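To convert, take the position in the sequence shown, counting from 1, and add 11; that gives my numbering. Virtual Cβ for every residue (Gly too), placed ideally from N, Cα, C. What you are looking at is a predicted structure, and each value in this text was computed from that prediction instead of being measured. Reading through the structure tokens given below for one structure.
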Amino acid sequence: MIQQHDATAMHWDFRLEAEGVLKSWAVPKGPSTDPREKRLAMPTEDHPLDYATFEGVIPEGEYGGGPVIVWDHGTYRNLTEKNGREIPVEEGVAAGHVKVFLEGKKLRGAYALTRTGTKPRPRWILVKTKDEHADARRNPVRTEPRSVISGRTVREMAEG
Ligand code: MN
């Protein structure tokens with residue numbers, strides 16, 4: 012699932028259920044459907060599974076203060092491999108490379124997350140890999156801004 016979160020800066024929290032938690036990355040520009048677009052994805056702390064349906068407004072002054080919507084949700088198939096052998100997502104996270112096939116409402120097809128650096132903080136990139144769901148003309152972050160749960164935009168959520 013992916014939450015759009017307007018905190019100190021706008022970002023999209025990309026979360027994959029694995030090992031009973033939500034492995035998480037904050038993507039400042041949001042995900043793209045264009046394989047040429049590499050999107051910075053900063054790893055953030057694991058979140059509990061029940062956070063997957065959270066939307067609302069985190070109070071000002073608390074960590075992450077600001078409105079949150081569930082921008083996309085669905086299931087995924089793990090495609091992560093190491094040395095030609097499939098490995099669990101959590102092992103891929105530790106090894107710095109994860110590949111999943113998303114079956115969401117807005118995002119479909121294969122996406123790769125790859126660690127590109129560790130200093131001063133770990134940095135990853137999120138990229139759509141080439142398949143029949145890749146589409147350079149779509150821009151769902153801009154054209155499909157509404158929550159898949161409530162139908163509200165993050166701005167409407169902020170307005171209460
Ligand atoms: Mn966030």
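The residues Arg134, Trp135, Ile136, in chain order, have a CB closer than 8 Å to that of threonine 127 in the same chain once the five nearest residues on each side in sequence are set aside. When the beta-carbon positions are compared, phenylalanine 112 and tyrosine 87 come within less than 8 Å of each other. In the three-state reduction of the DSSP assignment, tyrosine 74 falls in the coil class, being assigned neither a helical nor a strand state. In this structure, the straight-line span from the alpha carbon of isoleucine 80 to that of alanine 52 is close to 18 Å. Distance from the CA atom of alanine 123 to the CA atom of histidine 108, rounded to whole angstroms, is 7 Å.
Of the residues assessed, glycine 76 falls on the exposed side of the cut-off, its CB having fewer than 16 other CB atoms within 10 angstroms. Given a length threshold of 4 residues, each whole run of the alpha helix (DSSP H) inside the stretch 60-108 is given here in chain order: 100-106. Your pair valine 100 and asparagine 89 checks out as a contact, with CB atoms roughly 5 Å apart and the cut at 8 Å. The beta-carbon separation of histidine 22 and proline 42, rounded to 11 Å, does not stay under the 8 Å limit for a contact.
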